[in-house]
Amino acid sequence: MDGPEHVFDDRTPGVGEHEPTATYLSYTVGLGLAILATIASFVVSQTDWLWSPGIPVGLIVLAFAQIGVHLVFFLHLGSGPDSTNNVLALAFGVLIVFLVITGSVWIIANLNSNMMPMSP
Amino acid sequence: MTLAEIDRAPNEVSSERARGRGGGGPAPKRIVVAYGFWIFILSDMVMFSALFAAYAVMLGNTAGGPTGAELFNIRSAFIETMCLLLSSYTCGLGALSAERRDPARFLIFAACTFALGAAFLFIEVTEFAGMVEKGAGPSRSGYLSAFFTLVGTHGIHVASGLIALVYLVAQVIAKGLQAAVLRRLLCWSLFWHALDIVWIGVFTLVYLWAT
Numbered sequence: 004m005d006g007p008e009h010v011f012d013d014r015t016p017g018v019g020e021h022e023p024t025a026t027y028l029s030y031t032v033g034l035g036l037a038i039l040a041t042i043a044s045f046v047v048s049q050t051d052w053l054w055s056p057g058i059p060v061g062l063i064v065l066a067f068a069q070i071g072v073h074l075v076f077f078l079h080l081g082s083g084p085d086s087t088n089n090v091l092a093l094a095f096g097v098l099i100v101f102l103v104i105t106g107s108v109w110i111i112a113n114l115n116s117n118m119m120p121m122s123p
Numbered sequence: 009m010t011l012a013e014i015d016r017a018p019n020e021v022s023s024e025r026a027r028g029r030g031g032g033g034p035a036p037k038r039i040v041v042a043y044g045f046w047i048f049i050l051s052d053m054v055m056f057s058a059l060f061a062a063y064a065v066m067l068g069n070t071a072g073g074p075t076g077a078e079l080f081n082i083r084s085a086f087i088e089t090m091c092l093l094l095s096s097y098t099c100g101l102g103a104l105s106a107e108r109r110d111p112a113r114f115l116i117f118a119a120c121t122f123a124l125g126a127a128f129l130f131i132e133v134t135e136f137a138g139m140v141e142k143g144a145g146p147s148r149s150g151y152l153s154a155f156f157t158l159v160g161t162h163g164i165h166v167a168s169g170l171i172a173l174v175y176l177v178a179q180v181i182a183k184g185l186q187a188a189v190l191r192r193l194l195c196w197s198l199f200w201h202a203l204d205i206v207w208i209g210v211f212t213l214v215y216l217w218a219t
């Protein structure tokens with residue numbers, strides 16, 4: 004084999020010993036992006052810069068963006084072959100979380116709209 | 009270069025060099041431990057998702073009591089968010105210093121992480137106490153029960169994280185940065201980052217949604 008003798012272990016989420024991506028700089032970049040997303044979501048919720056029916060959508064988008072920043076810069080989940088297992092486990096977790104939240108909200112909203120009207 | 013090598017996609021890794029895919033024997037203990045802890049964190053996220061769902065369902069059920077918009081102080085929520093975010097940052101730097109066998113730096117970052125986490129917890133407990141004093145405790149309405157359960161569970165996680173951090177720092181001082189301690193530190197930093205991710209959901213869905 005001519006290529007470099009580099010063994011691709013599974014990567015752990017979090018910091019890894021031989022990890023080129025985990026440096027003080029990458030954490031600082033992640034912190035900067037996360038602070039930007041946080042300030043943006045507080046500004047969006049407290050001002051009317053965004054069309055008001057669009058504010059919830061804006062908040063959800065910013066929350067997902069910040070979660071993405073945390074996963075990449077703080078937990079070092081990547082697209083490389085060494086973090087396949089971690090990303091697959093995360094994908095399964097996200098599926099369950101999605102099912103629990105949307106399923107509950109959907110079912111209860113449905114039950115609620117089928118309730119007998121209660122006289123006050 | 010053989011034909012087989014030319015055939016292979018440029019980024020593909022041969023199985024004998026990618027140990028995590030079954031070639032070359034089992035993965036090192038550090039990888040196995042952290043992966044197991046990762047699975048635990050994901051199951052913790054599933055538990056939090058049930059609490060988030062309960063909160064979303066209970067959002068309108070205030071039973072004539074105070075709503076979130078009347079109770080929450082957006083400025084203290086922002087300070088809490090920044091405390092937790094910065095503590096996540098110093099936790100990452102601390103874990104990196106530990107990886108680089110730099111105990112002095114690790115201790116400084118661990119102290120920052122503890123102080124920021126404790127500040128977060130202090131603000132949260134003060135807020136809770138103020139709400140209970142105003143008669144808006146968890147027994148006031150279904151909405152407030154869901155609120156205290158969701159935010160309180162996160163707070164209990166932060167508190168247990170702080171206790172675990174003290175325990176880990178004691179281990180680093182007593183035993184030094186040996187492999188077993190480094191594994192525990194790695195798991196702890198995963199836990200702390202995960203709590204910050206849950207907090208993103210809390211401040212978005214609870215505090216910003218209400219105001």
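Residue numbers (the working numbering), protein chains in the order written: chain W, 4 to 123; chain L, 9 to 219. For every residue, glycine included, the Cβ atom is placed at its ideal position computed from N, Cα and C.
- Residue 111/L places its beta carbon less than 8 Å from that of residue 180/L.
- Neighbours of residue 89/W in chain L, taken as residues at a C-beta separation under 8 Å, are given in chain order as 43 and 46.
- A Cβ-Cβ contact shorter than 8 Å links residue 104/W with residue 57/L.
- Counting only Cβ-Cβ distances below 7 Å, residue 96/L has contacts in chain W at 77, in chain order.
- DSSP places residue 80/L outside both helix and strand once states are collapsed to three, so it counts as coil.
- One Cα belongs to residue 62/L, the other to residue 154/L, and the distance between them is close to 6 Å.
- In the three-state reduction of the DSSP assignment, residue 121/W falls in the coil class, being assigned neither a helical nor a strand state.
- A distance below 7 Å between beta-carbons, with the five flanking residues on each side excluded, links residue 88/L to the following residues of its chain, in chain order: 128, 131 and 132.
- Bounds of the alpha helix (DSSP H) holding residue 62/L are 37-66.
- Apart from sequence neighbours up to five positions away, the residues of its chain that approach residue 60/L with a beta-carbon distance below 8 Å are 158, 209 and 213, ordered along the chain.
- Residue burial annotation: residue 166/L is buried, with at least 16 other C-beta atoms found within 10 angstroms of its C-beta.
- Within the region 40-74 of chain W, the complete alpha helix (DSSP H) segments of 4 residues or longer fall at 58-72, listed in chain order.
- By the neighbour-count criterion, in which a residue is buried when 16 or more other Cβ atoms sit within 10 angstroms of its Cβ, residue 163/L is buried.
- Non-local beta-carbon contacts of residue 77/L in its own chain, meaning distances under 7 Å to residues more than five positions away in sequence, involve 218 and 219 in chain order.
- Taking every protein chain shown into account, the CB of residue 58/W has 16 or more other CB atoms within 10 angstroms, so this residue is buried.
- By the CB criterion at 8 Å, residue 197/L and residue 103/L fall inside the cutoff.
- Among the residues of chain W, those whose CB is under 9 Å from the CB of residue 61/L are 103, 104, 105, 106, 107, 108 and 111, following chain order.
- Counting every other CB atom within 10 Å of its CB across the protein chains shown gives residue 101/W a total below 16, marking it as exposed.
- The beta carbon of residue 90/W lies closer than 7 Å to those of 80 in the same chain, with the five residues before and after it left out.
- For the C-beta of residue 205/L, the chain W residues within less than 8 Å are, from N- to C-terminus, 70, 73 and 74.
- Here the alpha carbon of residue 121/W sits roughly 52 Å from the alpha carbon of residue 173/L.
- Scanning its chain for C-beta atoms nearer than 7 Å, with the 5 sequence neighbours on each side dropped, one finds around residue 176/L the residues 192, 193 and 196, in chain order.
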